[in-house]
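Peer 1:
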Amino acid sequence: MVRERGLGNWIANAIIYLVVGFAGLICVLPFIHVIAVSLSSSPAVSSYVVGLWPVGWNLDNYLWMVRNQQFFRSLLISLVRVSIGVPTILVVGVITAYPLSREDIPMPGRTAFKLLLLFGMLFSGGMIPVFLTMKNLHLLNNLLVLVLPGALNIFYTILLLNFFRGIPRDLTDAASMDGASHLDILFRVYMPISLPVLATVTLFSAVDHWNSWFDGILYLNRTDLWPLQSYLYSLVSTKMIQWTGPQATKQVNEFLNASPDGLSAAFILFASVPIILVYPFLQRYFVTGLTLGAVKG
Amino acid sequence: MFQSRPLVPSALGLPRRVGARHSLRAIWQQHWLLYVMLLPALVLLALFNYYPLWGLALAFVDYNPFGGLAGSPFVGLQNFATIFGGQEFWQILRNTVWIATGKIVAGQVAAIVLALLVYEITWRFYRRVLQTLTTLPYFLSWIIIGGVMVQVLSTTGTVDQALAAMGIRPIQFLGDAAIFPWTMIALDTWKGFGFGAVIYLAALTNINPDLYEAAAVDGAGRKARLWHITLPGITPTIVLMSCLSLGSVLNAGFEQILVLYNPVVYQTGDILDTYVYRYGILQANYSIATTVGLLKSVAGFFLILLSYWLADRFAGYRIF
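Chains as they are written, first to last, in the working numbering: chain X, 1 to 297; chain L, 1 to 320.
#1: Spatial neighbours of X:Gln242 within its chain, please: C-beta separation below 6 Å, excluding the five flanking residues on both sides.
#2: Using only CA atoms, which one of L:Asp210, L:Leu130, L:Ala220 lies nearest to L:Gly194?
#3: Let me check understanding here. Comparing Cα to Cα, which of L:Phe139, L:Tyr119, L:Ala289 lies closest to L:Pro209?
#4: Can you tell me whether DSSP reads X:Val207 as helix, strand or coil?
#5: Using only alpha-carbon positions, find the residue among X:Gly6, X:Ser41, X:Pro30, X:Pro280 that is nearest to L:Gly147.
#6: Report the rounded CA-to-CA distance for L:Leu114 versus L:Ala214, giving the unit in angstroms.
#7: Beta-carbon within less than 7 Å of L:Asp312's beta-carbon, same chain only, minus the 5 sequence neighbours each way: which residues are those?
#8: Using a Cβ-Cβ cut-off of less than 8 Å, list which residues of the segment 35-49 of chain X approach chain C; keep chain order.
#9: Tell me whether X:Gly179 sits in a helix, a strand or coil according to DSSP, three-state version.
#10: What is the DSSP secondary structure of L:Val61, reduced to helix, strand or coil?
#11: Would you grab the beta carbon distance between L:Leu53 and L:Val61 for me? Rounded to a whole angstrom, and I think it's under 8 Å.
#12: Judging by CA-CA distance, which residue of L:Met241, L:Leu204, L:Gly71 is the nearest neighbour of L:Gly233?
#13: Determine, for X:Asn9, whether the minimum Cβ-Cβ distance to residues of chain L falls below 8 Å.
#14: Name the chain L residues that come within less than 9 Å of X:Trp53, Cβ to Cβ?
#15: Whole angstroms is fine: what's the gap from X:Arg169's alpha carbon to L:Tyr200's?
#16: Would you identify the three-state DSSP class for L:Gly68, choosing helix, strand or coil?
#17: Are L:Ile271 and L:Ile145 touching if we call contact CB-CB under 8 Å?
#18: Write down every uninterrupted run of the alpha helix (DSSP H) in the segment 33-69 of chain X whose length is 4 residues or greater and which is fully enclosed by it, in chain order.
#19: Rounding to the nearest angstrom, what Cα-Cα distance links L:Leu133 and L:Ile229 in this structure?
#20: So who's on the other strand from X:Phe113, going by DSSP bridges?
#21: Residues in the same chain with beta-carbon distance under 8 Å from X:Gly227, minus the five sequence neighbours each way, listed in chain order, please.
#22: Which whole-angstrom value describes the C-beta separation of X:Asn9 and L:Arg222, a residue pair presumed to lie in contact below a C-beta threshold of 8 Å?
#23: Taking just the CA atoms, how far does L:Ala216 sit from L:Thr235?
#24: Would you mind telling me which residues of chain X sit closer than 8 Å to L:Pro137, beta carbon to beta carbon, in chain order?
#25: Mind checking which residues open and close the alpha helix (DSSP H) that includes L:Arg127?
#26: Buried or exposed for L:Phe314, please, with buried defined as at least 16 other CB atoms from any protein chain shown within 10 angstroms of its CB.
#27: Between the segment 34-60 of chain L and chain X, which residues of the former have a C-beta closer than 8 Å to a C-beta of the latter?
#28: Would you say X:Pro30 reaches chain L, if we count a Cβ-Cβ gap shorter than 8 Å as a contact?
#29: If you follow the alpha helix (DSSP H) that X:Glu103 is in, where does it begin and where does it stop?
#30: Out of curiosity, what's the CA-to-CA distance linking X:Val236 and L:Val150?
#31: Where does X:Phe123 fall in DSSP's three states?
#32: Determine, using beta carbons only, whether X:Leu18 comes closer than 8 Å to chain L.
#33: Comparing C-alpha positions only, which one of X:Val49, X:Leu198, X:Trp53, X:Ile26 sits nearest to X:Leu39?
#34: Per DSSP, what kind of secondary structure is L:Phe173 in: helix, strand or coil?
#35: Note down, in chain order, all residues in the segment 61-92 of chain L with a beta-carbon under 8 Å from any beta-carbon belonging to chain X.
#36: Check whether the Cβ of L:Ile104 lies closer than 8 Å to any Cβ atom in chain X.
Here's what the structure looks like:
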């Protein structure tokens, strides 16, 4: 960049730094408020005196959170969901993208398959037909519904496909000449080169899975099967704690001492932690991930 | 992005096609694994993308949940007539297009402005911190953001408390039908502008620095460089993003609105997706909801095709 001198430019720079700083501030202030609420006493939260600093410091909200049985159950379901869902997306994506990317091999049906994939991505039956499909496949109230319908992620598959296509043909030709099978080529040639795109898909699909909540609400009637973010929905959507389980009455009494806002603040922060933990890694793959955003539209 | 390349002739120098049957068998013998690899995706596509399409038949019957599809009377286009004849559908369509368009415009403008400003920042530490802060909300779910915003924007929330302290009448961000769509647009822009700026920053860093040097030698000031180098440098990206965004004018943000809306703001805040969910799933009016969903799917499909066509035409962009 060219550096400018003079008072006018100094002022312009100062304004730019301030405006960008302000943008950063409005992104982070709401979260600071929620942190403050989560650490405040319940009377302070209920009377809305908490701003950006906790009033009546305590950890009650977090204690209430961890004493809640549904908290651990939903956390476990979320963790299992991510650890099964992400490898599934990755494996299905890679084995689908590989044959499609090998355009040097004539393969009848490849174009038809690509069109099936593309149409499947662009046209959906809509919420009700998909819901009835899950019902017919006996996936309602079945935890597989969180992983199986999303196992083929067409966006990520296209991202992988486009990356695989950029791999120089010389590499695969040389490997074939040495008698390498498709599996050899896939694992010894493609995978090592594709680490950045594999990392991108892993991180973005992990975030997707961790953040998904509507499928839980839609397909799982039993609240004890809900992942963490679906459970969080029941806390924040009504701004009140809803208890639908059999153990309701007992826990309601215990929870009446907690302020709903303080408790949901604790939940919100807890659910954000994994995202913040993977965030530094995620940042490295932003630009690769952008291709995704562009395709998704 | 990539055009298919000419097929490599076989190593033995044989003509590529020795009669269809023979070559098919040869391909199968050598490369059967490729077909096996496509099998899981084929099954998943069939089950979760194509099998649901039978359910679109619900739009043409008066669905009876107990009798199933076969036990429901065929009504032809009756459901469409009902929808088009009523006020509600048009209101919801207007809400959807209005909120979605607002989000696209505000989101793109905010992302471009942020990128241009961040690009001017030379202190790398500051730049990195600010990029981290502005990008983070994009990766948090609408449940989390919604939970935060309910606490910040409700009538008892921080913003209205602050306004009250300054003697300004509190604003019902989430409880006033006239304001609700603007709140949705603002929140979506707030959540996405940092990540949206990343693509423009990537375009900015691709601008040849020599251009700036040359312009400086010619005595071009900061403003001149912005108009004649920086903005033309990111114009292709702006064109591309504008073309692609056309595909989402019917997507007003289902998850966001589901978390934040309430009956008071249905009139301006209810969108196609929330209507289908509430009317179809929660109230079990399967046929009408499927019809609305079908209309959205078909229109959305053609909008995306159009957006891809425009992106290819004006920005040379292809998804495959």
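Just so it is clear, CB atoms sit at the ideal spot from N, CA and C, and this is done for glycine as well. As the structure is a computational prediction, the values presented were derived from the model and not from experiment.
Peer 2: The short version:
#1: The residue given as residue 242 of chain X occupies position 242 in the first sequence. Here the model assigns X:Gln242 a pLDDT of 37, short of 50, so the residue's position is not dependable and the matter cannot be decided.
#2: As a first step, residue 194 of chain L is located in the second sequence; it is residue number 194 there, counting from the start. Of the candidates L:Asp210, L:Leu130, L:Ala220, the one whose C-alpha sits nearest the C-alpha of L:Gly194 is L:Leu130.
#3: For the purposes of this step, residue 209 of chain L is taken as the residue at position 209 of the second sequence. If we check each option's Cα against that of L:Pro209, L:Tyr119 comes out closest.
#4: Against the first sequence, residue 207 of chain X aligns to sequence position 207. Note: X:Val207 maps to helix in three-state DSSP.
#5: Translated into positions along the second sequence, residue 147 of chain L becomes position 147. For L:Gly147, the nearest C-alpha among the options comes from X:Pro30.
#6: Taking the second sequence and counting its residues from 1, one reaches residue 114 of chain L at position 114. Taking the second sequence and counting its residues from 1, one reaches residue 214 of chain L at position 214. Between L:Leu114 and L:Ala214, the C-alpha separation is close to 25 Å.
#7: Reading the second sequence from its first residue, position 312 is the one you call residue 312 of chain L. Closer than 7 Å at Cβ, skipping near neighbours: Arg318.
#8: Looking at the structure shown, chain C is missing, and the protein chains on hand are X and L.
#9: Translated into positions along the first sequence, residue 179 of chain X becomes position 179. In the structure shown, X:Gly179 sits in coil (DSSP, three-state: anything other than H, G, I, E or B).
#10: Residue numbering aside, residue 61 of chain L sits at position 61 when the second sequence is read from its first letter. Strand.
#11: Against the second sequence, residue 53 of chain L aligns to sequence position 53. Against the second sequence, residue 61 of chain L aligns to sequence position 61. That pair is no contact at about 15 Å.
#12: Here residue 233 of chain L corresponds to residue number 233 of the second sequence, with the count starting at 1. When each option's Cα is compared against that of L:Gly233, the closest is L:Leu204.
#13: Taking the first residue of the first sequence as position 1, residue 9 of chain X is located at position 9. Answer yes: the Cβ-Cβ gap between X:Asn9 and chain L drops below 8 Å somewhere.
#14: Here residue 53 of chain X refers to the residue found at position 53 of the first sequence. Near X:Trp53 there are no residues of chain L at all, since even the closest Cβ is about 12 Å away, more than 9 Å.
#15: Looking up residue 169 of chain X in the first sequence gives position 169. Looking up residue 200 of chain L in the second sequence gives position 200. Whole-angstrom Cα-Cα distance: 32 Å.
#16: Numbered from its first residue, the second sequence carries residue 68 of chain L at position 68. L:Gly68 falls in the strand class under three-state DSSP.
#17: Residue numbering aside, residue 271 of chain L sits at position 271 when the second sequence is read from its first letter. Residue numbering aside, residue 145 of chain L sits at position 145 when the second sequence is read from its first letter. Going by C-beta atoms, L:Ile271 is not nearer than 8 Å to L:Ile145.
#18: 42-46, 60-67
#19: Stepping through the second sequence from its first residue, residue 133 of chain L is reached at position 133. Stepping through the second sequence from its first residue, residue 229 of chain L is reached at position 229. Roughly 28 Å between the two C-alpha positions.
#20: Position 113 of the first sequence, counted from the start, is the residue given in the question as residue 113 of chain X. DSSP output for X:Phe113 lists no bridge partner at all.
#21: One-based indexing of the first sequence puts residue 227 of chain X at position 227. Before going on, a small fix: residue 227 of chain X reads as Pro here, not Gly. Excluding positions up to five away in sequence, the list reads Ser74, Ile77, Ser78, Arg81, Leu146, Ser212, Trp213, Gly216.
#22: For this step, residue 9 of chain X is matched to residue 9 along the first sequence. For this step, residue 222 of chain L is matched to residue 222 along the second sequence. Contact flag correct, Cβ pair sits at about 7 Å.
#23: Position 235 of the second sequence, counted from the start, is the residue given in the question as residue 235 of chain L. Position 216 of the second sequence, counted from the start, is the residue given in the question as residue 216 of chain L. Looking at the two C-alpha atoms, the distance is approximately 21 Å.
#24: For this step, residue 137 of chain L is matched to residue 137 along the second sequence. Correct list: Cys27.
#25: Here residue 127 of chain L corresponds to residue number 127 of the second sequence, with the count starting at 1. First-last of the alpha helix (DSSP H) with L:Arg127: 124-135.
#26: As a working mapping, residue 314 of chain L is identified with position 314 in the second sequence. Burial call: exposed.
#27: Leu34, Tyr35, Met37, Leu38, Pro40, Ala41, Leu42, Leu44, Leu45, Leu47, Phe48, Asn49, Tyr50, Tyr51, Pro52, Leu53, Trp54, Gly55, Leu56, Leu58
#28: Here residue 30 of chain X refers to the residue found at position 30 of the first sequence. So yes, X:Pro30 belongs to the interface.
#29: Along the first sequence, one-based indexing puts residue 103 of chain X at 103. From DSSP, X:Glu103 is part of no alpha helix (DSSP H); its letter is neither H nor E.
#30: Here residue 236 of chain X is taken as the residue at index 236 of the first sequence, counted from 1. Here residue 150 of chain L is taken as the residue at index 150 of the second sequence, counted from 1. Computed Cα separation, rounded: 8 Å.
#31: Within the first sequence, the letter at position 123 stands for residue 123 of chain X. Coil, per DSSP.
#32: Residue mapping note: residue 18 of chain X aligns to position 18 of the first sequence, counting from 1. Chain L contact via Cβ: absent.
#33: Looking up residue 39 of chain X in the first sequence gives position 39. When each option's Cα is compared against that of X:Leu39, the closest is X:Trp53.
#34: Here residue 173 of chain L refers to the residue found at position 173 of the second sequence. Coil, per DSSP.
#35: none
#36: Against the second sequence, residue 104 of chain L aligns to sequence position 104. Not one chain X Cβ lies under 8 Å of L:Ile104.
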